[in-house]
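*Asks:* Following this message is one structure expressed as structure tokens.
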Amino acid sequence: MAHGSIERDIHVEASPEVVFEVVSRPEHIREWWPDDARFEPAPGAPGELVWRDAGTGDTMTVAMAVVEVDPPRRFSFRWCFPEGDRSRESLLVTFDLLPTASGTHLRMTETGFREMGWEPAVLEEQYDEHVTGWDHYLPLLGAYVARLVGTP
819 MAHGSIERDI HVEASPEVVF EVVSRPEHIR EWWPDDARFE PAPGAPGELV WRDAGTGDTM
879 TVAMAVVEVD PPRRFSFRWC FPEGDRSRES LLVTFDLLPT ASGTHLRMTE TGFREMGWEP
939 AVLEEQYDEH VTGWDHYLPL LGAYVARLVG TP
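Read in my numbering, the sequence shown has 828 at position 10, and its numbers run on one by one without any break.
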């Protein structure tokens, strides 16, 4: 069924330990994804992701909650809670990390779109926006790690 989940795979030329830090620590996440990230990387910890519109200066704050922290293999969180209510349905983002001979295979999976209860048009719009977002931001993660570890 369409719009169930998004999966993206990238290869990162750094150890799983380095990549885990980049996907699980606010000081690294804000370098490749939102303009700000505020949370403790601990299961159950609440937090926020903040984006700023460069043209207007307006901000969009999205509530999130850490689900799983398993260094250096997996980091997951829930986000996009309706009205910021962390007790309601949300999307689950999981970063799975596997060591390779030359670095780390990172798989990002985002699930829960159909469970949000959106009308079909809203579901399609939200899904498409998230696909576009991940296709934009995940390459930035790889570029940030390359700068961090000093590889070309």
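Virtual Cβ for every residue (Gly too), placed ideally from N, Cα, C.
Within a Cβ cutoff of 7 Å, which residues of the same chain sit near valine 887, ignoring the five residues on either side of it in sequence?
*Replies:* Taking the sequence shown and counting its residues from 1, one reaches residue 887 at position 69. The answer, listed in chain order, is Ser842, Pro859, Ala860, Pro861 and Phe893.
*Asks:* Can you look up threonine 874 in the DSSP assignment and give me helix, strand or coil?
*Replies:* As a first step, residue 874 is located in the sequence shown; it is residue number 56 there, counting from the start. Note: threonine 874 maps to coil in three-state DSSP.
*Asks:* Taking just the CA atoms, how far does arginine 904 sit from tryptophan 983?
*Replies:* For the chain, the structure presents residues 819 to 970; residue 983 sits outside this window and is missing.
*Asks:* Taking a contact to mean a Cβ-Cβ separation below 8 Å, would you say histidine 829 touches histidine 923 in this structure?
*Replies:* Sequence index remark: in the sequence shown, residue 829 carries index 11 (1-based). Sequence index remark: in the sequence shown, residue 923 carries index 105 (1-based). Yes. Within cutoff.
*Asks:* Could you pull out every residue in the same chain whose Cβ sits closer than 6 Å to the Cβ of threonine 1005, ignoring the five residues on either side in sequence?
*Replies:* Residue coverage of the chain in this structure runs from 819 to 970, which leaves residue 1005 outside it and unanswerable.
*Asks:* Looking at C-alpha atoms only, which residue of Arg896, Ala863, Pro852 and Pro889 is the closest neighbour of threonine 879?
*Replies:* Position 61 of the sequence shown, counting from 1, holds the residue named residue 879. Taking only the C-alpha atoms, the option nearest threonine 879 is Pro852.
*Asks:* Opposite methionine 926 in the DSSP bridges: which residues?
*Replies:* Sequence index remark: in the sequence shown, residue 926 carries index 108 (1-based). Partner(s): Arg826 and Phe913.
*Asks:* Enumerate in chain order the residues of its own chain whose CB-to-CB distance from arginine 856 is below 7 Å, with the five nearest sequence positions on each side excluded.
*Replies:* As a first step, residue 856 must be located in the sequence shown, where it is residue number 38. So the qualifying residues of the chain are Pro844, Gly865 and Glu866.
*Asks:* How long is the line joining the alpha carbons of arginine 896 and isoleucine 824, rounded to whole angstroms?
*Replies:* To locate residue 896, count along the sequence shown from 1; it is residue 78. To locate residue 824, count along the sequence shown from 1; it is residue 6. Distance between the alpha carbons of arginine 896 and isoleucine 824: 14 Å.
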